[in-house]
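Enquirer: Input: one structure, supplied below.
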Amino acid sequence: MRKGLFGVLFAGLALSQSVLADTSEVAIAIHGGAGTIVKENMTPELEKAYAKKLREAAQAGYQLLKAGKPGEDAVVAAIQVLESSPLFNAGVGAVYTYNEEHELDASIMQGAKRTAGAVAGVKTIKSPIAAARLVMEQSEHVMLSGAGAEAFAQSKGLEPVNNHFFDTDQRLEALNKVKARMEQAGLDTGGQQGNEKMGTVGAVVLDANGNLVAGTSTGGMTAKRFGRIGDSPVIGAGTFADNESCAVSATGHGEFFIRYNVAADICARIHYQGVSVSRAAETVINEELKKVGGEGGVIAIDKRGNITMPFNTPGMYRASIGQDGSVKVGIYKALLPEVQKSAG
Ligand code: ASP
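If you count the sequence shown from 1, position 265 lands on 249 in the working numbering, and the numbers rise without skipping.
Have a look at this one:
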């Protein structure tokens, strides 16, 4: 419900949505990946660094929403903070494929008209989420992959980078660990779980025009077979938005998220069953996925700005700023004590 005198006076006059924009209703949630994230493996310094980046990403999106900017701007801005940080598995700091390269996936969806864009398996696009948005807004397609996606992004003015731009020592170390474990187990590329395998970043927002937008960006899973595409660029699996129900961004073992159509399933439950966003997301993550061994989590927001961030792993990097301006940051099951600071 739009608030304020103008909202009441003009609601019946079918004025443009921007006239009715109400920045008091905006809200955002972001994630930086789910996995075996436990306090024992974390130093206080690292925990602080993660919390600071999560907060910074949420604030970056929130400030744009408060300024009345479209949700797409906020989603891209929040995700770009995380793509630029080596702490997260997207952009710089993306995991390695078995062949020691980076292959990145991203997608974005806008809930007003269910427009969407995605790039998959790209190696030279500095900001995959920016490329996904260009596919949504400036092409007649929804998903572009590999060299075609890269050529498209470059033709639209996005900066190309060498694949080594995404390199970090800690991800290489993780690849070597996973490879050693796989060798021991006699496994081929891809597949199995472990602390080093997971990551991904994402954002979901409700903007001042009442639009829901979701976006996701990832390096995928450590030691994945080259050419493997996860759920993150798959609309309905890793990303979904529909103004009538919710916006979702997922993180976790992509093969499960694709097969269980996770993001769209959560929104469908709201639409057809009339359940709350937290109930819908909780059921899909902690019942449907859990019983088949699909590890991961989601962030989700509904058209009233209700936010939920469930996961079935020991931890998920996450943050939100609600309609009341309250900031929540979490890594493990419980939120961090810095919760409840209000957004600046
Ligand atoms: N969902 C991503 C993928 O499967 C990875 C992750 O979120 O951890 O590519």
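C-beta: ideal position from N, C-alpha, C; glycine also.
Since we're looking at a predicted model, the values are computed, not measured.
Is Asn270 near ligand 1, in the sense that its beta carbon is under 8 Å from a heavy atom of that ligand?
Expert: False, no ligand heavy atom lies under 8 Å from that Cβ.
Enquirer: From the DSSP output, which residues share a beta bridge with Pro144?
Expert: According to DSSP, Pro144 bridges with Ile109.
Enquirer: Look up Gln47 in the DSSP assignment and say whether it is helix, strand or coil.
Expert: If DSSP states are grouped into helix, strand and coil, Gln47 belongs with the helices.
Enquirer: Unbroken alpha helix (DSSP H) runs of length 4 or more, entirely within the segment 252 to 306: which are they?
Expert: For the segment 252 to 306, whole alpha helix (DSSP H) runs of length 4 or above, ordered along the chain, are 261 to 267.
Enquirer: For Lys287 and Gly194, which I take to be in contact (beta-carbon distance under 8 Å), what is that distance rounded to the nearest angstrom?
Expert: Confirmed, about 7 Å.
Enquirer: Under 9 Å, do Glu84 and Gly101 count as touching if we go by C-beta distance?
Expert: No, Cβ-Cβ distance for Glu84 and Gly101 is not below 9 Å.
Enquirer: Less than 9 Å between the beta carbons of Val276 and Ile250, yes or no?
Expert: No, the pair does not count as a contact, with Cβ atoms beyond the cut-off.
Enquirer: Near Ala133, which residues of its chain fall below 6 Å by C-beta distance, leaving aside the five closest residues on each side in sequence?
Expert: Here the set comprises Val103, Val106.
Enquirer: For the beta strand (DSSP E) that Val197 lies in, which residues bound it at each end?
Expert: Val197 -> beta strand (DSSP E) spans 196 to 202.
Enquirer: Checking the sheet assignment: what are the DSSP bridge partners for Thr223?
Expert: Note: Thr223 sits in a beta bridge opposite Ile219, Ser233.
Enquirer: To the nearest angstrom, how far is the alpha carbon of Ala264 from that of Val185?
Expert: Straight-line Cα distance between these residues: approximately 21 Å.
Enquirer: By the 10 Å Cβ neighbour count, where 16 or more other Cβ atoms means buried, how is Arg253 classified, buried or exposed?
Expert: Result: buried.
Enquirer: With a threshold of 16 other CB atoms inside 10 Å of the CB of Ala131, please say whether the residue is buried or exposed.
Expert: Ala131 comes out exposed.
Enquirer: Would you mind stating whether Gly299 and Ile315 have Cβ atoms separated by less than 9 Å?
Expert: Yes, Cβ-Cβ distance for Gly299 and Ile315 is below 9 Å.
Enquirer: For Ser304, I'd like the list of residues in its chain whose CB is within less than 6 Å of its CB, leaving aside the five on either flank, ordered along the chain.
Expert: Only Ala13, Ile291, Lys312 meet the Cβ criterion.
Enquirer: Return the first residue and the last residue of the alpha helix (DSSP H) that Asp57 is part of.
Expert: Taken as a continuous stretch (DSSP letters only), the alpha helix (DSSP H) holding Asp57 covers 55 to 67.
Enquirer: Does any heavy atom of ligand 1 sit closer than 8 Å to the C-beta of Lys317?
Expert: Not under cutoff, so the answer is no.
Enquirer: Please find out if some non-hydrogen atom of ligand 1 comes closer than 8 Å to the beta-carbon of Ala234.
Expert: Checking the Cβ of Ala234 against ligand 1 gives yes.
Enquirer: The beta strand (DSSP E) with Gly314 in it runs from where to where?
Expert: Counting along the chain, the beta strand (DSSP E) containing Gly314 begins and ends at 310 to 314.
Enquirer: Just verifying my parser: in three-state terms, what is the DSSP assignment at Val246?
Expert: Reduced to three states, the DSSP call for Val246 is helix.
Enquirer: Using the C-alpha atoms, what's the distance from Arg98 back to Ala51?
Expert: Approximately 23 Å, taken between the alpha carbons.
Enquirer: Quick check: the Cα distance between Gln177 and His86, rounded to an integer number of angstroms?
Expert: Bear in mind that the predicted position of Gln177 carries a pLDDT of just 48, short of 50, making it too unreliable to give a figure here.
Enquirer: With a cut-off of 8 Å, do at least 3 Cβ pairs link the segment 140 to 149 to the segment 196 to 203?
Expert: Cβ pair count under 8 Å is below three, so no.
Enquirer: With H, G and I counted as helix, E and B as strand and the rest as coil, what does DSSP make of Met205?
Expert: Correct three-state label for Met205: coil.
Enquirer: If contacts are defined as beta-carbon pairs under 8 Å, then Val79 and Ala158 qualify, I think. What distance do you get, rounded to the angstrom?
Expert: Between Ala158 and Val79 the Cβ distance is about 7 Å, and since that is below 8 Å, they are a contact.
Enquirer: Rounded to whole angstroms, what is the Cα-Cα separation between Val60 and Asn270?
Expert: Cα to Cα, Val60 sits roughly 28 Å from Asn270.
Enquirer: Between Val259 and the rest of its own chain, which residues show a CB-CB distance below 6 Å, the 5 nearest in sequence each way excluded?
Expert: Arg253, listed in sequence order.
Enquirer: Would Gly25 pass as a contact of Arg155 if the rule is Cβ separation under 9 Å?
Expert: According to the sequence provided, residue 25 is Asn. The question's Gly does not apply to it. No.
Enquirer: Within 10 angstroms of its Cβ, does Glu124 collect 16 or more other Cβ (buried), or is it exposed?
Expert: Glu124 comes out exposed.
Enquirer: Assuming contact is defined by CB atoms lying nearer than 9 Å, are Phe224 and Ala192 in contact in what I supplied?
Expert: No, they are not a contact pair.
Enquirer: I need the boundaries of the alpha helix (DSSP H) containing Val10, first residue and last residue.
Expert: Segment: none, Val10 is in no alpha helix (DSSP H) and carries neither H nor E.
Enquirer: For ligand 1, is there a heavy atom less than 8 Å away from the beta-carbon of Phe241?
Expert: Under cutoff, so the answer is yes.
Enquirer: The alpha helix (DSSP H) with Gly132 in it runs from where to where?
Expert: 130 to 139 is the extent of the alpha helix (DSSP H) around Gly132.
Enquirer: Measure from the alpha carbon of Gln342 to the alpha carbon of each residue in Val126, Val162, Gln43, Thr108, then state which is nearest.
Expert: Look at the range of the chain in this structure, -15 to 328, and you will see that residue 342 is not part of it.
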